[in-house]
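S.K.: There's a structure below that I have some questions on.
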DNA sequence: GTTAGCACTTGGGCATGTTGAGTGCTAAGT
DNA sequence: ACTTAGCACTCAACATGCCCAAGTGCTAAC
C-alpha cells in the first residue's frame, strides 16, 4: 500500500466527514473521490489507518471518522489553506473603515470572524508594550478610595480602584498626580516598573506610602491592560452547528465564561508569527474542550486571535479566515 | 367549584411541573398536596382551567402543563416570594466587601445572581444622572483623531475616539481641555447638554468647530455611559438546565449576544421600583425568547438587573433572588 | 358540588423482525 | 506484492406489534 494514497484516503475521509457529519465508508469514498482503486483496496488502507490510530469506527459496522490524531495529521501534512472568497476579502477590507477606536475595531473584528467561520471567535486585547503613557489621573471616590486611570497614546484606557490605607486629601492627590505625570509621561508602559520606584522615592516623606500604593496601582494597570481582557462573539454558533449533533455545549460555554481559562488557552498556543496554530480535541489543556478545537494565531505585538469550534470543523477554510483576519488586524493596529 | 381551590390547583400544577419537569396528572396532584378532595374533583377543576387557557395537555392522555397565561396568573396572584436561605443571604452580603469599583461590583453581582438562580444573569450599567464630572481628557491619537475621556466622581470612565475634520494641534487640545474642565468640572452629567454649548461659544473662533466636535463627544459619553453597556454571566446554565429538555437554546444565545436586544428587553419591562417585573414566554418582544422568561427589576437610579431562563422556572425563588440582589446593589452604589 | 367507577386514549417501553451500510477475510487475478 | 471480487457477518437504525400505566372524560350515585 502506497504512502501517498494512504494520506489521500485520510484526507478524503476528513473532508467527507466534515462535510456530511456522518461516518464515511469505503464505498462512498471511491464514489465521491476518483481514487483509481476499488473499495476493497480502500478497506485495506482504512484498516491500516485505524491501526495507526488515525481513524476509528463508532461501531462495528459503520464508516470511519477521524480521530484527534487523524485531524492532527491532516492539519499538519495534508491540508492546503483555501483562498478566501471575494466576498470574504471584501468583508475584511471593510474593517479598515470607520473610527480607529481599539475597542470598536476588536468588537467588529470578532464579529466578522465569527461570521466568516461560523464558530465562536475570540480576540485578546492587544499588547501595549510599546504604548506610551499619555496621561495619569487620580480621582478621589471616597475618603480612602482612589480611582487610578492610566491612558496610553494608543487610546487604551485602564482604570482601577485602589484602597489607600488612610484618609487621602485632594491636595495630596493633585500633587502626586503632577509628580507622576511629570516623570512618566511619554514613557513606555513596559518601562513603568523601572521608573515608578524612583518617582516614589522623590516624594515628600508624608506622602511616600500613598505614592507607593498609587504606583502599584499604575503598574498593575500597565500589566493588566496588556493581557487581561478578551472579547468574543458567535456563541450562538455553538448551538447552531450542533443541531442534531451532540457536542455537549455546556462545558464549552463554561470555559468561554472563564476568561482565565480562555487566556490560558490562547497563550499556551504556539507563537509562530507566520502560521496559525491548531489545538485539537484532547490536546486542549481544558477538559471541557475535549471535543473542541482551537485555531488561533498572533497579531500585532503578540496578542492572539482565534476561533473555537467542534473538532469536526473545516480546518483549511477556518485557518485561512483566522490568518487573514489576523493580518488585517496587525496592519490596522500597527504591529 | 370554588374559586380559591381552582387557584390552589393551578399553583400545585405549576409547582409540581417546575419541580419535576413532567406533565402533572390529577392523581399525583392529590397525593402530593393535601387538597381535601378526590382526584375526580381535581379533574373537573382541571377541565375548567384548561378551558380558560391556563393549562394545556401535551397529548390526550398525559398530565397538564401550565401555559404562559397560567404562569402569568401564578406570578401575579398566587405565588408568594420565598425568603432566601441563610447561605444565600451570606453570599449577597459578601458583595459588600472588596473594592468598590463599579465594574468589579457589577461583575461579581452578575456572577452571584447567575449562581443563585441557575439562570443567565444580566445587569445594565448604572445610570449616572447624578454623577458629577470629575475630569476630562483629550488625547491626540493621530493627526485627525482625538480620544475623549470623561471621568465621573463615581469612578466610571467613558471613552470614545472622535474624528476631527482637520488636523489638530496638541496645543489647541490642551487649551480646550482646560476650558472644558474649568466650565464643567463638578457639573452633573445630566446637565451637560445645557452647559456644553455655552463653553463652545466662548472659545476662540478658530477653535470653535473643534470645540463643537469635542463637545458632542463628551455629550454622547454622558449619554452612553448611562445606558449602553450590559454585563452577563451564567450562559452555561442554559445548557445545563435544559439537559434532556428541548428549549432550543440557539435563538436565546443569539438574543443574548445582541446587546441592543437585551437593552430593549430590559427597558421595555415595567419600572415598579418596589417589585420585580416578569415577562413570560411569548410576552417577550423578541421571537427567539418565546420559550423564555425574564425576571428583572430596577436598582439605583433606574438601571435594570435581572435574569433570563426557561418559562418553566421557579418564579418565587428567582424573584426573591433578583429582588434581594437589586436591593444590595442599590445600597452599595448609592441609589 | 363531590365522588366512585369505568370505558377509553395514548405515549413509552420492550421484544422481535427486517434492512442496508459497512466490515474483514479469503482466494483469485495482475 | 498489490489489488480486487465475492461473500459471510455484524450491527445500528427503523419498523411493527404488543402491553402497560397514567391519565382523561363521563355518568350515575351520594
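Chains as they are written, first to last, in the numbering used here: chain A, 897 to 1231; chain B, 897 to 1231.
Every residue gets a Cβ at the ideal spot worked out from N, C-alpha and C, and that includes glycine.
Note that the structure is predicted; figures quoted are calculated from it, not measured.
Counting only beta-carbon atoms, is residue 1153/A nearer than 8 Å to chain B?
M.R.: On the first chain, position 257 is the one that residue 1153/A refers to. At least one chain B Cβ lies under 8 Å of residue 1153/A.
S.K.: May I ask which residues mark the beginning and end of the beta strand (DSSP E) holding residue 1128/A?
M.R.: By 1-based counting over the first chain, the position of residue 1128/A is 232. Where residue 1128/A is concerned, the enclosing beta strand (DSSP E) stretches over 1126-1129.
S.K.: Our contact map puts residue 1104/A next to residue 1091/A with C-beta atoms below 8 Å; I'd like the distance itself, whole angstroms only.
M.R.: Counting from 1 along the first chain, the entry for residue 1104/A is found at position 208. Counting from 1 along the first chain, the entry for residue 1091/A is found at position 195. With 8 Å as the limit, residue 1104/A and residue 1091/A do not qualify as a contact, their Cβ atoms being about 17 Å apart.
S.K.: Check distances from the C-beta atoms of the segment 1012-1040 of chain A to those of chain B and list, in chain order, the residues that come in under 9 Å.
M.R.: Result list: 1030, 1031, 1033, 1035, 1036, 1037, 1038.
S.K.: Taking the Cβ atom as the reference point for each residue, do residue 1042/B and residue 1035/B lie within a distance shorter than 8 Å?
M.R.: Counting from one through the second chain, the residue named residue 1042/B turns up at place 146. Counting from one through the second chain, the residue named residue 1035/B turns up at place 139. Cβ atoms of residue 1042/B and residue 1035/B: closer than 8 Å.
S.K.: Could you give the DSSP three-state label for residue 929/B: helix, strand or coil?
M.R.: The count along the second chain starts at 1 and reaches residue 929/B at position 33. Coil at residue 929/B, not helix or strand.
S.K.: One question on the structure: do residue 1229/B and residue 1196/B come within less than 8 Å of each other, judged by their Cβ atoms?
M.R.: Reading the second chain from its first residue, position 333 is the one you call residue 1229/B. Reading the second chain from its first residue, position 300 is the one you call residue 1196/B. The answer is yes: Cβ separation under 8 Å.
S.K.: Under 8 Å between the Cβ atoms of residue 1071/A and residue 1088/A?
M.R.: Counting from one through the first chain, the residue named residue 1071/A turns up at place 175. Counting from one through the first chain, the residue named residue 1088/A turns up at place 192. Their beta carbons are not under 8 Å apart, which means residue 1071/A does not touch residue 1088/A by this criterion.
S.K.: Output, in chain order, the set of chain A residues within a Cβ distance shorter than 8 Å of residue 977/B.
M.R.: One-based indexing of the second chain puts residue 977/B at position 81. Within 8 Å Cβ-Cβ: nothing; residue 977/B doesn't reach chain A, min ~29 Å.
S.K.: Does residue 1045/B have its Cβ less than 8 Å from a Cβ in chain A?
M.R.: By one-based count along the second chain, residue 1045/B stands at place 149. Yes - at least one Cβ of chain A is within 8 Å of the one on residue 1045/B.
S.K.: Can you find the residues in the same chain that come closer than 7 Å, C-beta to C-beta, to residue 1014/A, ignoring five residues on each side of it along the sequence?
M.R.: Within the first chain, numbered from 1, the residue matching residue 1014/A stands at position 118. Contacts found: 1133, 1137.
S.K.: Beta-carbon within less than 6 Å of residue 1151/A's beta-carbon, same chain only, minus the 5 sequence neighbours each way: which residues are those?
M.R.: Within the first chain, residue 1151/A is the residue found at index 255, counting from 1. Around residue 1151/A: 1157, 1182, 1184, 1185.
S.K.: Helix, strand or coil: which one does DSSP assign to residue 1193/A?
M.R.: The residue you call residue 1193/A lines up with position 297 of the first chain. Residue state, collapsed to three classes: strand.
S.K.: Starting from residue 1034/A, follow its DSSP beta bridges and name the residues at the other end.
M.R.: Counted from its first residue, the first chain places residue 1034/A at position 138. DSSP, once it has assigned bridges, lists 1044/A as partnering residue 1034/A.
S.K.: What is the rounded straight-line gap between the Cα of residue 1078/B and the Cα of residue 1108/A?
M.R.: Here residue 1078/B is taken as the residue at index 182 of the second chain, counted from 1. Here residue 1108/A is taken as the residue at index 212 of the first chain, counted from 1. Taking the straight line joining both Cα atoms gives about 30 Å.
S.K.: Excluding the 5 residues flanking residue 1225/A on each side, which residues of the same chain have their C-beta closer than 7 Å to its C-beta?
M.R.: As a first step, residue 1225/A must be located in the first chain, where it is residue number 329. These residues qualify, in order along the chain: 1005, 1195, 1196, 1201.
S.K.: Would you report the Cα separation of residue 1231/B and residue 1051/A, rounded to the nearest angstrom?
M.R.: For the purposes of this step, residue 1231/B is identified with residue 335 of the second chain, where counting begins at 1. For the purposes of this step, residue 1051/A is identified with residue 155 of the first chain, where counting begins at 1. With a pLDDT of 49 at residue 1231/B, under the threshold of 50, the modelled position of this residue cannot be trusted, and the question is left open.
S.K.: Using a Cβ-Cβ cut-off of less than 8 Å, give me the residues of the segment 1185-1218 of chain A that come near chain B, in sequence order.
M.R.: Those residues of the segment 1185-1218 of chain A that come within reach of chain B (Cβ to Cβ, closer than 8 Å) do not exist; the list is empty.
S.K.: Starting from the beta carbon of residue 1149/A, find every residue of chain B whose beta carbon is closer than 8 Å, and list them in chain order.
M.R.: Along the first chain, read from residue 1 onward, the residue named residue 1149/A stands at position 253. Here the neighbours are 1131, 1132, 1134, 1135.
S.K.: When you compare the CB positions of residue 1131/A and residue 1153/B, do they come within less than 8 Å of one another, or not?
M.R.: Counting from one through the first chain, the residue named residue 1131/A turns up at place 235. Counting from one through the second chain, the residue named residue 1153/B turns up at place 257. In contact: residue 1131/A and residue 1153/B (Cβ atoms closer than 8 Å).
S.K.: Using the rule of at least 16 other Cβ atoms within 10 Å of the residue's Cβ for burial, across every protein chain shown, is residue 1082/B buried or exposed?
M.R.: Position 186 of the second chain, counted from the first residue, corresponds to residue 1082/B. Exposed is the call here.
S.K.: Which residues in the same chain have their Cβ closer than 8 Å to the Cβ of residue 1166/B, if we skip the five residues on either side of it in sequence?
M.R.: Counted from its first residue, the second chain places residue 1166/B at position 270. Taken in chain order, the residues that qualify are 1173.
S.K.: Which bits of chain B does residue 1233/A rub up against, with CB to CB less than 7 Å?
M.R.: This structure cannot speak to residue 1233/A, because chain A is shown only from 897 to 1231.
S.K.: If distances are taken between C-alpha atoms only, which option among 1168/A, 902/A, 1119/A, 903/A comes closest to residue 1219/A?
M.R.: To locate residue 1219/A, count along the first chain from 1; it is residue 323. Among 1168/A, 902/A, 1119/A, 903/A, the Cα nearest to that of residue 1219/A belongs to 1168/A.
S.K.: Suppose contacts are defined by Cβ-Cβ distances below 8 Å. Is residue 1221/B in contact with residue 1009/B by that definition?
M.R.: Working through the second chain from its first residue, we reach residue 1221/B at position 325. Working through the second chain from its first residue, we reach residue 1009/B at position 113. Yes, these two residues count as a Cβ contact at 8 Å.
S.K.: Check whether the Cβ atoms of residue 910/B and residue 941/B sit closer than 8 Å, and answer yes or no.
M.R.: Counted from its first residue, the second chain places residue 910/B at position 14. Counted from its first residue, the second chain places residue 941/B at position 45. Not in contact: residue 910/B and residue 941/B (Cβ atoms no closer than 8 Å).
S.K.: Please state the DSSP three-state secondary structure of residue 1231/B.
M.R.: As a working mapping, residue 1231/B is identified with position 335 in the second chain. Here the model assigns residue 1231/B a pLDDT of 49, short of 50, so the residue's position is not dependable and the matter cannot be decided.
S.K.: Tell me the DSSP bridge mates of residue 960/A?
M.R.: By one-based count along the first chain, residue 960/A stands at place 64. Beta-bridge pairing links residue 960/A to 920/A.
S.K.: Is the CB of residue 1078/A under 8 Å away from at least one CB in chain B?
M.R.: By 1-based counting over the first chain, the position of residue 1078/A is 182. No, because no Cβ of chain B sits closer than 8 Å to the Cβ of residue 1078/A.
S.K.: Kindly indicate the opening and closing residues of the beta strand (DSSP E) around residue 1204/A.
M.R.: Position 308 of the first chain, counted from the start, is the residue given in the question as residue 1204/A. Run containing residue 1204/A: 1199-1206, per the beta strand (DSSP E) assignment.
S.K.: Evaluate the contact criterion for the segment 1053-1073 of chain A versus the segment 1057-1069 of chain B: three or more CB pairs, one atom per stretch, below 8 Å.
M.R.: The segment 1053-1073 of chain A, when compared against the segment 1057-1069 of chain B, does not touch it at the 8 Å Cβ threshold.
S.K.: Could you spell out the range, first to last residue, of the alpha helix (DSSP H) harbouring residue 1146/A?
M.R.: Numbered from 1 along the first chain, position 250 holds the residue referred to as residue 1146/A. It spans 1145-1153 - the alpha helix (DSSP H) in which residue 1146/A sits, taken as one unbroken run.
S.K.: Considering only residues of the same chain and omitting the five flanking positions on each side of residue 1037/B, which have a CB-CB separation below 8 Å?
M.R.: Stepping through the second chain from its first residue, residue 1037/B is reached at position 141. Only 1043, 1057 meet the Cβ criterion.
S.K.: Closest to residue 971/B by C-alpha separation, out of 1217/B, 934/B, 1017/B, 1211/B, would be which residue?
M.R.: Numbered from 1 along the second chain, position 75 holds the residue referred to as residue 971/B. Checking every option, the nearest Cα to that of residue 971/B belongs to 1211/B.
S.K.: Return the first residue and the last residue of the beta strand (DSSP E) that residue 1054/A is part of.
M.R.: Along the first chain, one-based indexing puts residue 1054/A at 158. Its beta strand (DSSP E) spans residues 1053-1059.
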